Amino acid sequence: MKTAGDTIQLQMSSPGEPLASDSIATIETSTSNRSGSTGNSSAVIEILVLVTLTLAVRVPWIFMTPISQAPDEGAHYWVIDFIRANLRLPELTDMMKEPNSAYYGALMPFSYFPHVLCGLLMPWFQPALAYRFGSLLMGVVSVIAARGIGYELFPKSKLVALAVPLFLVFHAQLAFVNGYSNNDSTSMAVSTPALYAALIAVRRGISFKSSIAFGIIGGLLALSKPTTYCIVPVLFLALAMSPFFNRESVRSYASKLATMFSVALVIALPFFARNWFCFNGDLLGMRTMLDLWWSHYGKPAQLYRWPVVDNADWRYCAYVSYIGNLGNMDRLLPSRIYKLFSLGITLSTVGWVIGSVWSFVRKSAVQATERNLSICLWSLVGLSFLLNFLALIAGSASLNATGPPQGRYLFPSEAAIAALLVGGLSKLGRLAVILFIALNMVATIVSLNMLYPVWHFDVNIFR
36 MKTAGDTIQL QMSSPGEPLA SDSIATIETS TSNRSGSTGN SSAVIEILVL
86 VTLTLAVRVP WIFMTPISQA PDEGAHYWVI DFIRANLRLP ELTDMMKEPN
136 SAYYGALMPF SYFPHVLCGL LMPWFQPALA YRFGSLLMGV VSVIAARGIG
186 YELFPKSKLV ALAVPLFLVF HAQLAFVNGY SNNDSTSMAV STPALYAALI
236 AVRRGISFKS SIAFGIIGGL LALSKPTTYC IVPVLFLALA MSPFFNRESV
286 RSYASKLATM FSVALVIALP FFARNWFCFN GDLLGMRTML DLWWSHYGKP
336 AQLYRWPVVD NADWRYCAYV SYIGNLGNMD RLLPSRIYKL FSLGITLSTV
386 GWVIGSVWSF VRKSAVQATE RNLSICLWSL VGLSFLLNFL ALIAGSASLN
436 ATGPPQGRYL FPSEAAIAAL LVGGLSKLGR LAVILFIALN MVATIVSLNM
486 LYPVWHFDVN IFR
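Mapping of the sequence shown onto this note's numbering: residues 36 to 498, in sequence order.
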């Protein structure tokens, strides 16, 4: 018998009499089904392992972190608790009663719905603790979507593909943020599947079902934290690229685009209309948020000036708070972790340079379509990070209300960052990828070990 990939030829009991062609087809189909079943089982096992690891490094933060050490959780808590208790969204009159903590009430509400749901479904916990499981759930969604991104970008290497979600699993700052109530976790849980959908659209085209999924993702993006909007141009670019790699009639493609935009509008338009009437034309709620914030705390002085990236303090704060600066951005990890992470970034950059040169040298050996497809996919990944980074710069230069830059504002492109880092390191060998993931694993363990003696486990987060 040959391998499963070869044509299987068997003989009947009578010498020289070949097996009927329909029997051969049946055997080939059966072999293919067994192979597909094995692949599905492997995928399920991978997802279960990733989910287990995600829970293992995030649940401790839920019970460890005091609300006073979770950035802005008090303000997020006010919105979540109001929605759960009243089963409606807050209005300006509700927010004016408690301007010191209600300033997030005008923002798009979807980012808080998972937390509200957990509060309703977990009555055995005090509400403030139950809400935190919403962030945990969103962390799981992001990791699963990152697995899909890994396989789209690295179909030839399971190890490298899985390194993308594993980076999310063990990223110390992300694990911490997924352990308390916030809108960053939900925004990331929308933007990561959005990037995954963009890659699928370019590689495999858009079906009617996927056009509905695209519309749902687009609608939820519109209702997420504004930093997530950096993914919207990536989606539009993917939709523009898709017809060039997947032959389809103009009429069919236009029909699917109409379906996407219709679904997105049905989801998002009612909330934008509500904000328009409830908050005096403030569609995103940002102006209302800042007015309440500044009226209570005072308008902050100009902290950074354009282009901000030339400010060493800004670069330092953005860098360390992305890797891991826990608590109220006052719990730094050991300095060696930041230095080794910097080394990983440097090596990844070198890997991309070497890989690009090598691809240019051997480009004649690679089919043009395959090469162009790869360029398009990686362009989407790179663009998502670039736009997110520019959004971070714009926020620091214009709002001046959040103090130093915070790394969690880059979480909408977290999977893209992981793919870029892993992609460059993979060109230097698998060992480089393994060591980088190991570094993040060590950082997570160190962060838990560092803060457990200080915070301990407690179901009362108001301490």
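Where is the CB? At the ideal position from N, CA and C, for every residue including glycine.
Bear in mind that the values here come from a model prediction, so they are computed numbers and not experimental data.
Please determine, among the options, the residue with the shortest C-alpha to C-alpha distance to residue i.
i    : options                : result
Y288 : G253, S242, S136       : S242
S448 : L367, Y138, P268, I372 : P268
R371 : E133, M321, L474       : L474
G254 : S220, S297, K244       : S297
N281 : L367, L234, N484       : L234
G464 : H331, K244, L201, G379 : G379
W311 : L142, S77, V84         : L142
G169 : L270, V301, L152       : L152
W328 : L470, P488, Q104, P134 : P134
A453 : L90, V79, V178, A303   : V178
L270 : S414, A105, L155       : S414
L88  : Y487, M476, V489, P488 : M476
G442 : M131, G362, K191       : G362
D534 : N484, M364, D326       : No answer is possible for residue 534: the residues shown for the chain start at 36 and end at 498.
Could you spell out the range, first to last residue, of the alpha helix (DSSP H) harbouring residue i?
i    : result
Q441 : From DSSP, Q441 is part of no alpha helix (DSSP H); its letter is neither H nor E.
I241 : Looking at the DSSP string, I241 is not in any alpha helix (DSSP H), and its letter there is neither H nor E.
E13  : Given a span of 36 to 498 for the chain in the structure shown, any question on residue 13 remains unanswerable.
F189 : Element bounds for F189: n/a, residue is neither H nor E.
G458 : 449-461
A207 : 207-212
N475 : 465-490
In chain order, what residues of the same chain lie with their CB nearer than 6 Å to the CB of residue i, ignoring the 5 residues before and after it?
i    : result
A180 : T227, P228, Y231
A236 : A273, S277
W113 : S136, A137
N423 : C265, L445, P447, S448
I480 : none
I59  : Confidence is the limiting factor: at I59 the pLDDT is only 43, short of 50, which leaves the residue's position unreliable, though a coordinate-based value still follows. If we look at I59 and ignore the five residues flanking it on each side, it has no Cβ neighbours.
Mind checking if residue i is an interface residue toward chain D, Cβ cutoff 9 Å exclusive?
i    : result
V269 : Protein chain content of the structure displayed is limited to a single chain, and chain D is not contained in it.
For residue i, which residues from the same chain have a beta carbon less than 8 Å from its beta carbon, with the 5 sequence-adjacent residues on both sides left out?
i    : result
A163 : I102, Y112, D116, S216, I496, F497
F492 : P95, F98, M99
V468 : L194, V195, A198, V457, L460, S461
R286 : none
V494 : F98, F160, Q161, L164
G417 : A451, L455
Tell me which residues share the same chain as residue i and place their Cβ nearer than 7 Å to its Cβ, disregarding the 5 neighbours each side in the sequence.
i    : result
R123 : none
R167 : I97, G214, Y215, S216
G109 : I102, S136
C352 : P439, P440
Please report the Cβ distance between residue i and residue j, rounded to the nearest whole angstrom; I am assuming they are in contact, meaning their Cβ atoms lie under 8 Å.
i    : j    : result
L427 : P440 : 6 Å
L368 : S482 : 6 Å
S222 : K291 : Not a contact, Cβ separation roughly 26 Å.
S431 : W349 : 6 Å
L304 : P144 : Rounded, the Cβ-Cβ distance is 14 Å, inconsistent with contact.
G359 : A275 : About 37 Å separates the two Cβ atoms, so there is no contact after all.
L85  : P200 : 5 Å
**Request:** Please list the segments of the alpha helix (DSSP H) lying wholly inside the region 127-181, counting only runs of 4 or more residues, in order along the chain.
**Result:** 127-132, 148-156
Discussion item. Could you tell me which whole alpha helix (DSSP H) segments of length 4 or greater appear in the region 363-405?
Written reply: 370-396
For this session: Please list the segments of the alpha helix (DSSP H) lying wholly inside the region 255-287, counting only runs of 4 or more residues, in order along the chain.
Result: If only complete runs of 4 or more residues are kept, the region 255-287 shows the alpha helix (DSSP H) at 267-280, in order along the chain.
Uninterrupted beta strand (DSSP E) stretches inside the region 308-347 (no shorter than 3 residues):
Runs of the beta strand (DSSP E) inside the region 308-347: none found.
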